[in-house]
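K.L.:
There are 2 protein chains.
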Amino acid sequence: MDNRGVLAVISGFSGSGKGTLMKALLEKYDNYALSVSWTTRKPREGEEDGVSYFFRTQEEFDRHIEEDGFLEYARYVDHSYGTPKQYVFDQLDQGKDVLLEIEMQGALQVKEKYPDTVLIFVTPPNAEELKRRLVGRGTEDMETIKKRLARADEESKGMEQYDYLLVNDSIERCAEELHGVIMAAHARMGNHLELVNNIKEQMKQF
Amino acid sequence: MDNRGVLAVISGFSGSGKGTLMKALLEKYDNYALSVSWTTRKPREGEEDGVSYFFRTQEEFDRHIEEDGFLEYARYVDHSYGTPKQYVFDQLDQGKDVLLEIEMQGALQVKEKYPDTVLIFVTPPNAEELKRRLVGRGTEDMETIKKRLARADEESKGMEQYDYLLVNDSIERCAEELHGVIMAAHARMGNHLELVNNIKEQMKQF
Numbered sequence: 000m001d002n003r004g005v006l007a008v009i010s011g012f013s014g015s016g017k018g019t020l021m022k023a024l025l026e027k028y029d030n031y032a033l034s035v036s037w038t039t040r041k042p043r044e045g046e047e048d049g050v051s052y053f054f055r056t057q058e059e060f061d062r063h064i065e066e067d068g069f070l071e072y073a074r075y076v077d078h079s080y081g082t083p084k085q086y087v088f089d090q091l092d093q094g095k096d097v098l099l100e101i102e103m104q105g106a107l108q109v110k111e112k113y114p115d116t117v118l119i120f121v122t123p124p125n126a127e128e129l130k131r132r133l134v135g136r137g138t139e140d141m142e143t144i145k146k147r148l149a150r151a152d153e154e155s156k157g158m159e160q161y162d163y164l165l166v167n168d169s170i171e172r173c174a175e176e177l178h179g180v181i182m183a184a185h186a187r188m189g190n191h192l193e194l195v196n197n198i199k200e201q202m203k204q205f
Numbered sequence: 000m001d002n003r004g005v006l007a008v009i010s011g012f013s014g015s016g017k018g019t020l021m022k023a024l025l026e027k028y029d030n031y032a033l034s035v036s037w038t039t040r041k042p043r044e045g046e047e048d049g050v051s052y053f054f055r056t057q058e059e060f061d062r063h064i065e066e067d068g069f070l071e072y073a074r075y076v077d078h079s080y081g082t083p084k085q086y087v088f089d090q091l092d093q094g095k096d097v098l099l100e101i102e103m104q105g106a107l108q109v110k111e112k113y114p115d116t117v118l119i120f121v122t123p124p125n126a127e128e129l130k131r132r133l134v135g136r137g138t139e140d141m142e143t144i145k146k147r148l149a150r151a152d153e154e155s156k157g158m159e160q161y162d163y164l165l166v167n168d169s170i171e172r173c174a175e176e177l178h179g180v181i182m183a184a185h186a187r188m189g190n191h192l193e194l195v196n197n198i199k200e201q202m203k204q205f
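Heads up: the sequence lines are chains A and B, in that order.
First residue of the first sequence? That's 0 in numbering that gives the first Met the number 0, and the numbers climb one at a time after it.
First residue of the second sequence? That's 0 in numbering that gives the first Met the number 0, and the numbers climb one at a time after it.
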């Protein structure tokens with residue numbers, strides 16, 4: 000148990016910088032692995048299978064659901080997205096801390112099935128800053144931005160169900176905090192009961 | 000609430016290196032404050048009032064108990080030891096993370112009164128190593144060592160009531176872990192409910 004990896008779910012508003020945050024963590028430390036999701040949507044220009052997503056047909060996806068092959072899955076608009084169980088468990092068994100970047104709905108599914116999962120929500124320091132970041136990108140039309148703000152409003156409703164809130168006002172500091180949360184998860188007493196029992200047994204022999 | 004310090008109790012076997020660990024933390028980061036205990040024992044050679052302890056008479060100590068001035072207190076052999084509430088709260092209010100190095104009995108008292116307190120137990124990697132560290136000092140006679148081992152045996156019984164276990168096989172790594180545990184305590188969702196509510200309120204105005 001002691002050397003098993005930690006399963007951490009990272010959610011956060013679009014514009015919270017959670018992608019950059021995870022990238023910073025992966026670059027700085029070697030104990031992390033990202034989970035790659037399955038999706039039924041078509042690859043976009045330049046997307047490689049197995050990098051940002053595993054691209055699968057709806058039939059393959061549905062079969063995988065039947066085989067209980069997903070940690071969580073969800074349908075958005077016309078496409079299905081899911082986190083493959085096998086890959087995540089393999090990484091955890093090898094001692095890697097696995098970061099899942101998924102939506103709230105999936106996050107709560109995972110936590111219910113695996114209560115040791117650490118749920119982390121990333122937010123800009125306030126809603127005005129969030130709005131500024133969303134609008135400030137300048138890459139999308141007002142319609143898209145409005146949709147995103149509406150979704151952020153929707154997501155904010157469940158924020159308090161997460162274990163941790165990270166306020167992303169500086170990527171570097173926030174990445175340190177995220178790493179701290181993962182280190183703390185390793186140090187939880189529940190992960191070390193075997194060691195505690197060993198120490199107690201050895202003590203008796205003094 | 001967001002900027003208040005974290006109250007952390009550090010306990011551990013004699014020989015676990017918890018003193019060195021806390022020193023390493025204080026040297027590396029500026030967010031920590033150590034609590035200085037009151038004691039009724041006489042100062043030893045070179046001990047200054049207010050540094051390792053505040054030296055007080057039994058009358059002063061008892062009056063402070065009556066005034067509810069201690070976070071926790073206990074009596075060992077012929078002397079009383081206590082953690083002064085005022086100092087700890089002042090530091091927490093100033094945003095300092097306060098480290099209390101106290102025994103298990105006091106640790107559990109503090110946790111009961113202040114459930115947000117983080118209880119951390121420090122241990123060498125195994126009991127053999129613990130024995131080696133205790134005996135290896137070579138500064139005490141066998142009688143003292145045996146007493147200490149017996150007390151370690153006693154203390155090991157309550158280890159699992161702590162929130163975190165830190166295995167001190169490297170001071171540097173272990174100090175990083177301890178710092179991670181404190182950072183995680185800051186990031187707990189319960190500390191950020193005001194921010195969460197503010198974000199929700201601001202969202203509604205978009």
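Beta carbons: idealized from backbone N, C-alpha and C, even for Gly.
With burial defined as no fewer than 16 other Cβ atoms inside 10 Å of the residue's Cβ, what is the status of ASN167/B: buried or exposed?
P.N.:
Position 168 of the second sequence, counting from 1, holds the residue named residue 167/B. Buried, because 16 or more other Cβ atoms sit within 10 Å of the Cβ of ASN167/B.
K.L.:
What does the Cβ neighbour count give for PRO42/B, buried or exposed, with the cut at 16 atoms within 10 Å?
P.N.:
Walking along the second sequence from the start, residue 42/B turns up at place 43. Burial call: exposed.
K.L.:
Quick check on this structure: which residue in SER34/A, ARG150/A and LEU91/A has the alpha carbon closest to the alpha carbon of HIS185/A?
P.N.:
Residue mapping note: residue 185/A aligns to position 186 of the first sequence, counting from 1. That would be LEU91/A, whose Cα lies nearest to the Cα of HIS185/A.
K.L.:
On the criterion of 16 or more Cβ atoms from any shown chain inside 10 Å, does LYS27/B qualify as buried, or is it exposed?
P.N.:
The residue labelled residue 27/B in the question sits at position 28 within the second sequence. With fewer than 16 other Cβ atoms within 10 Å, it is exposed.
K.L.:
Between which two residues does the beta strand (DSSP E) carrying VAL166/B extend?
P.N.:
For the purposes of this step, residue 166/B is identified with residue 167 of the second sequence, where counting begins at 1. Element bounds for VAL166/B: 163-166.
K.L.:
Around the Cβ of HIS78/B, are there at least 16 other Cβ atoms within 10 angstroms (buried) or fewer (exposed)?
P.N.:
As a first step, residue 78/B must be located in the second sequence, where it is residue number 79. Its Cβ having fewer than 16 others within 10 Å, HIS78/B is exposed.
K.L.:
Taking the beta carbon of LYS95/A as the centre, do at least 16 other beta carbons fall within 10 Å, making it buried, or is it exposed?
P.N.:
Residue 95/A sits at position 96 when you count from the first residue of the first sequence. By the neighbour-count rule (16 or more Cβ atoms within 10 Å), LYS95/A is buried.
K.L.:
May I ask you to report which of helix, strand or coil DSSP gives VAL195/A?
P.N.:
Stepping through the first sequence from its first residue, residue 195/A is reached at position 196. The three-state secondary structure of VAL195/A, taken from DSSP, is helix.
K.L.:
If we count Cβ pairs, one from each stretch, closer than 8 angstroms, do we get three or more for the segment 156-172 of chain B versus the segment 115-130 of chain B?
P.N.:
yes
K.L.:
Along the segment 93-122 of chain B, where does the CB come closer than 7 angstroms to a CB of chain A? Name the residues.
P.N.:
THR122
K.L.:
Out of ARG40/B, LEU177/B, VAL50/B and ILE101/B, which has the shortest C-alpha to C-alpha gap to GLU58/B?
P.N.:
Here residue 58/B refers to the residue found at position 59 of the second sequence. Residue ARG40/B is the option with its Cα nearest to GLU58/B.
K.L.:
Quick one: what does DSSP say ASP48/A is sitting in, helix, strand or coil?
P.N.:
If you number the first sequence from 1, residue 48/A lands on position 49. Of the three classes helix, strand and coil, the one that applies to ASP48/A here is strand, per DSSP.
K.L.:
Comparing the C-beta of ASP162/A with each C-beta of chain B, is any distance below 8 angstroms?
P.N.:
Counting from one through the first sequence, the residue named residue 162/A turns up at place 163. It does: the Cβ of ASP162/A has a partner Cβ on chain B nearer than 8 angstroms.
K.L.:
8 angstroms is my cut-off, CB to CB: does ILE170/B come that close to chain A?
P.N.:
As a first step, residue 170/B is located in the second sequence; it is residue number 171 there, counting from the start. So, not an interface residue.
K.L.:
Tell whether a beta-carbon distance below 8 angstroms holds between GLY68/B and SER36/B.
P.N.:
On the second sequence, position 69 is the one that residue 68/B refers to. On the second sequence, position 37 is the one that residue 36/B refers to. No, the Cβ-Cβ distance between GLY68/B and SER36/B is not below 8 angstroms.
K.L.:
Determine the chain A residues that contact LEU165/B at a beta-carbon separation under 8 angstroms, and present them in chain order.
P.N.:
In the second sequence, residue 165/B corresponds to position 166, counting from 1. Per Cβ cutoff of 8 angstroms: ALA186.
K.L.:
With distances taken between CB atoms, is the gap from GLU176/B to MET182/A smaller than 8 angstroms?
P.N.:
Residue numbering aside, residue 176/B sits at position 177 when the second sequence is read from its first letter. Residue numbering aside, residue 182/A sits at position 183 when the first sequence is read from its first letter. For GLU176/B and MET182/A, yes; Cβs fall inside 8 angstroms.
K.L.:
Expressed to the nearest angstrom, what Euclidean distance is found between the alpha-carbon atoms of GLU102/A and ARG150/A?
P.N.:
Here residue 102/A refers to the residue found at position 103 when the first sequence is read from its first residue. Here residue 150/A refers to the residue found at position 151 when the first sequence is read from its first residue. About 11 angstroms.
K.L.:
Do GLY14/B and LEU129/B have their CB atoms nearer than 8 angstroms?
P.N.:
Taking the first residue of the second sequence as 1, we reach residue 14/B at position 15. Taking the first residue of the second sequence as 1, we reach residue 129/B at position 130. With contacts defined as CB atoms closer than 8 angstroms, GLY14/B and LEU129/B qualify as a contacting pair.
K.L.:
If you reduce the DSSP assignment to three classes, tell me which class ASP92/B lands in.
P.N.:
Numbered from its first residue, the second sequence carries residue 92/B at position 93. Reduced to three states, the DSSP call for ASP92/B is helix.
K.L.:
Report the CB separation of LEU192/B from GLU159/A in whole angstroms; it is logged as a contact under 8 angstroms.
P.N.:
Position 193 of the second sequence, counting from 1, holds the residue named residue 192/B. Position 160 of the first sequence, counting from 1, holds the residue named residue 159/A. Indeed, because the Cβ distance is near 7 angstroms, the residues count as touching under 8 angstroms.
K.L.:
Rounded to whole angstroms, what's the CA-CA distance from MET202/A to TYR86/A? Just pull it up for me.
P.N.:
Reading the first sequence from its first residue, position 203 is the one you call residue 202/A. Reading the first sequence from its first residue, position 87 is the one you call residue 86/A. The alpha-carbon atoms of MET202/A and TYR86/A are separated by roughly 40 angstroms.
K.L.:
Please go through the same chain and pick out, in chain order, the residues whose beta-carbon is closer than 8 angstroms to the beta-carbon of HIS63/A, but skip the five residues on each side of it.
P.N.:
Position 64 of the first sequence holds residue 63/A. The answer, listed in chain order, is TRP37, ARG55, PHE69, GLY81 and PRO83.
K.L.:
Does DSSP put PHE60/B in a helix, a strand or coil?
P.N.:
By one-based count along the second sequence, residue 60/B stands at place 61. Correct three-state label for PHE60/B: helix.
K.L.:
Using a Cβ cut-off of 8 angstroms (strictly closer), state whether GLY49/A contacts chain B.
P.N.:
As a position in the first sequence, residue 49/A is number 50, starting the count at 1. By this cut-off, GLY49/A is not an interface position.
K.L.:
Using the DSSP secondary-structure output, state which residues sit across from TYR31/B in a beta bridge.
P.N.:
Locating residue 31/B in the second sequence gives position 32, where the first residue counts as 1. Paired residue(s): ASP96/B.
K.L.:
Any idea what DSSP makes of TYR113/A, helix, strand or coil?
P.N.:
Indexing the first sequence from 1 puts residue 113/A at position 114. Correct three-state label for TYR113/A: coil.
K.L.:
Please report the distance separating the alpha-carbon of SER10/B from that of LEU107/B.
P.N.:
For this step, residue 10/B is matched to residue 11 along the second sequence. For this step, residue 107/B is matched to residue 108 along the second sequence. In a straight line, the C-alpha of SER10/B is about 11 angstroms away from that of LEU107/B.
K.L.:
So, are the CB atoms of ASP115/A and LEU24/A less than 8 angstroms apart?
P.N.:
The sequence position of residue 115/A within the first sequence is 116, counting from 1. The sequence position of residue 24/A within the first sequence is 25, counting from 1. In terms of Cβ geometry, ASP115/A and LEU24/A do not form a close pair [threshold 8 angstroms].
K.L.:
Spatial neighbours of ASP48/A within its chain, please: CB distance less than 8 angstroms, with the 5 preceding and 5 following residues excluded, ordered by chain position.
P.N.:
By one-based count along the first sequence, residue 48/A stands at place 49. Result list for ASP48/A: PRO42 and PHE54, in chain order.
K.L.:
Could you check which residue in ALA32/B, ARG131/B and GLU200/B has the C-alpha nearest to that of GLU127/A?
P.N.:
For this step, residue 127/A is matched to residue 128 along the first sequence. Ranking ALA32/B, ARG131/B and GLU200/B by Cα distance to GLU127/A puts GLU200/B first.
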